[in-house]
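Every position in the sequence shown, counted from 1, becomes a number in the numbering used here once 1347 is added.
All residues carry an ideal CB built from backbone N, CA and C; glycine is no exception.
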Amino acid sequence: MNKWLKMVEKKEIKFALILFLVLTMIFFHTLILNPDEMMYSEASDVVFYHYKMQKMKFDAVRENTILLWNPIYTMGISYVGDPESFMFYPLYIPFYFFEPDFLFGLFSMIHVFLAGLFMYLFTRAIKLKHYPAIISSILFMFSPKLMAHLFAGHYVFTAICYTPLLLYLTEKYIQKKKTKYLAFFALALALQLLSLHPQIVLYSSSLVGVYALFRLLKKEKSSRKIGKQILFFSLAVFLALLISAAYILPIRDGVIQSDRAAPDFAFVSEFSMPPTHLITLFVPNLFGTPLSHTYWGAENFWELTIFVGVIALLLSLTALLYHRNLFTYFFSFTALISVIFALGSNTPLFRLFLYLPGFALFRAPSRILILFVLAVAIVSGFGVQSLMENQKARKKLGIITLILSAILLSSVLVIHSQNQEIISLGQDMVQTRLASGLLPTEGPFAKSIEYYLSNVPLVFNQIMRDLIILTISIIALSITLLYSIKNNTFNQKAKIALIIIIFIEIGAFSLPLIDTKPVHELYTPDRIITGLQQDSDMYRIFDASKKYPDYLAQVHDIDTIDVGSNVIPNDYLDIYNNLNNNPDMLNLLNVKYFIKTSQYDYTVELNKDYLPRVFFTETLDINKDTIQSVEIITFSPNKIKVKSETNTSGYVFFSEQYYPGWKAYINNQPTEIIKSHKIFRAVKLSPGKNKITLSYFPQSLKYGLIISLIGILILIYLFSKYRSGQ
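What follows is the structure in structure tokens.
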């Protein structure tokens, strides 16, 4: 019997794998049909940041080195200390050897597929049958929340796929008490640590930790046994941290110096979800969409996306009515807590959450909605199982969907007939929100008053589209349920119909978010870049208006003074915010050209007083008339070599970011790097001929690599024990 069950289970897993692969290829067909293009949106961090980050990694390997320092962004910043450099994540290894163009899309597809596979494994482990587990997986892997963040180029979100794997391994260990599951747990957590933004790791780990405790309290009878299992899980977490040390320790260097080391409440609560956005659970484009430049909601679109599909909500309701168990209760509670936390500063409860370790370090509480999506997907699976097993559940949901179909159909007809009046009402609402300051007309997310008002008709059309899709989906579900009631079984046709309905409902929102564009079109140099490329000197540019696309200059290896990095030292940020009133600092920053912005065009202005990137000065009270040139031998990201010959003592000044991990040598003898003018590097020299070398290999990386190696060796030892049967 057991042999037969295992054979059936293998066939079911194989079917699920094929289905998830086919659906992933359908979903990302634009990428597959355009393999020479890159995932694209006008708001994508891939375009603005990640493409150049990965291109630098690839270019460095072609020059037989590994990039540790990023020379382009923020007048130089640690590459290995960037939480989104993906330096040690195994699935990002191809970025070292291939151009990053198509890899971003491939990377997304792989992780979406894994999200489905791991969700399937977990839901099967908590006793969902084959078909309901497939529904849970589809809802999670193609969730609008995940796709909205891919649209924004937030690739750190893709590795949320490891959360259901961690839940699966937790569940299997609690059920079987076999050490191999803890070893795999440590490996999965290490992969998530290496691939994710620390904030998402925090949310994911919190869920997995609470789940483990919840299951242990239900499973074990004595506090001694519970304590023992908690110790084992803690050791697995510790092993994951050891394996990830090469990633974690260098990041810590940057965080300690940055404004994120002790953020205030305004920072932590930024991108809180307004309660009004809860209505987008049902009408996702009520506040417009960036796809048509009509978004008029708070903050930004992707952070506040909460839509999971109305079908998923109805299935979750069915589970709570007809399939109440430990798992439906736990994940329903998870969904509720996630929404409360996402509301952020809009609820007094948010301050209580900030007492939890780590929760007061990050902004954008609405990012936790990815756990809401995961929880709803799981509970929905139990709802499907109820429909399969319970005729009463099918009848109840059939009645609900019939009533909803009638209401929605009537609403669509009424709204369509009153479209002009509703558009006028919408414009009045916009005026009211503008008057109360709820719609920004100043600042980074600002739009003009005309923009908001002119987009009301477009938003109305999008709302109508949402309502029509919702109506069709509910009617289709109602027909499917009536068919299954008539046949007294939820048969194969009904199952196929439900998959199609769900895929179309969430696909109608998510599919348009997946687009591509040829790289050469994205980064075609404009006349500003073309002109700057004629100057072979070493220099930086600065856009005082902060309107010129810095990323375009950076892709073409033109250094910019910006704040585009993930972790920015506080001292640099303080100086950057006052640069417009500090011409002496701009000179020290090696700014040779200013980008001036008018209403219709950009112009370039030469800064005649700019200072070289490296020079000799007798005192650090720098005067342009007294500086002397030095010979630059090597100026690569990780290493700088210069020669100086002087008759007096003094300093070699480097217009480069002062940062822990840089070492200095004079004639091969170690010496101190002096912090000059808050953010620069300087080296003190004696008279004569001197060769000065600066190199970057932080101690944190050195120790991190050693610790990671120890962790990997421990993991290999555990797996060898498992394979040998000991």
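Looking at the backbone, the Cα of residue 1852 and that of residue 1627 are separated by about 14 Å. In the three-state scheme derived from DSSP, where H, G and I count as helix and E and B as strand, residue 1976 is classed as strand.
Annotated as proximal: residue 2032 and residue 1996, with beta-carbon spacing under 8 Å. Shown here for residue 1460: same chain residues with a beta carbon closer than 8 Å to its own, the five before and five after excluded, namely 1367, 1368, 1371 and 1488 in chain order. Minimum Cα-Cα distance from residue 1758 among the listed residues 1819, 1723 and 1773 corresponds to 1819.
Residue 1491: member of the alpha helix (DSSP H) spanning 1491-1498, first to last residue. Here the alpha carbon of residue 1581 sits roughly 17 Å from the alpha carbon of residue 1567. In this model, residue 1713 and residue 1601 are separated by some 25 Å (Cα to Cα). Judged by DSSP secondary structure, residue 1861 falls outside any alpha helix (DSSP H); it is assigned neither H nor E. Residue 1511 counts as buried, since at least 16 other C-beta atoms from the protein chains shown sit within 10 angstroms of its C-beta. Looking from the CA of residue 1479, the closest CA among 1448, 1659, 1867 and 2020 belongs to 1659. The residue among 1498, 2017, 1403 and 1570 with its C-alpha nearest the C-alpha of residue 1636 is 1498.
Secondary structure note for residue 1518: it is in no beta strand (DSSP E), and the uninterrupted alpha helix (DSSP H) holding it is 1509-1523. Following the DSSP letters along the chain, one finds residue 1620 in no beta strand (DSSP E), marked with neither H nor E. For residue 1768, the enclosing alpha helix (DSSP H) begins and ends at 1766-1782. Straight-line measurement puts the Cα of residue 1495 at about 7 Å from the Cα of residue 1652. Secondary structure of residue 1644 (DSSP, three-state): coil. Boundaries of the alpha helix (DSSP H) around residue 1590: 1570-1590. Residue 1906 sits in a strand when the DSSP states are folded into three classes. Counting along the chain, the unbroken beta strand (DSSP E) around residue 2028 starts and ends at 2027-2032. Per the Cβ contact rule, the stretch 1897-1907 is not in contact with the stretch 1921-1931 (fewer than 3 Cβ pairs under 8 Å). Listed in chain order, the alpha helix (DSSP H) runs fully inside the stretch 1807-1885 are 1839-1857, 1866-1869 and 1874-1879, counting runs of at least 4 residues. Between the alpha carbons of residue 1467 and residue 1919 lies a gap of roughly 47 Å. Assignment of residue 1705 by DSSP, reduced to helix, strand and coil, places it in the coil class. In the structure shown, residue 1399 falls within a helical segment according to DSSP collapsed to helix, strand and coil.
Assigned with DSSP and collapsed to three states, residue 1788 falls in coil, not helix or strand. Using a Cβ distance threshold of 8 Å, residue 1400 and residue 1425 do not count as a contacting pair. Per DSSP, reduced to three states, the secondary structure at residue 1895 is coil, with no helix or strand assignment. Residue 1675 and residue 1730 have their C-alpha atoms some 9 Å from each other. One Cα belongs to residue 1931, the other to residue 1865, and the distance between them is close to 41 Å. Residue pairing by DSSP places residue 2067 in no beta bridge whatsoever. Here the C-alpha atom of residue 1361 lies approximately 43 Å from the C-alpha atom of residue 1707. Take residue 2017, set aside five residues on each side of it, and the residues of its chain with a beta-carbon closer than 8 Å to its own are 2010 and 2011, in chain order. Residue 1755 has its alpha-carbon roughly 10 Å from the corresponding atom of residue 1761.
In the DSSP assignment, residue 1506 falls outside any alpha helix (DSSP H) and carries neither an H nor an E. Where residue 2036 is concerned, the enclosing beta strand (DSSP E) starts and stops at 2035-2043.
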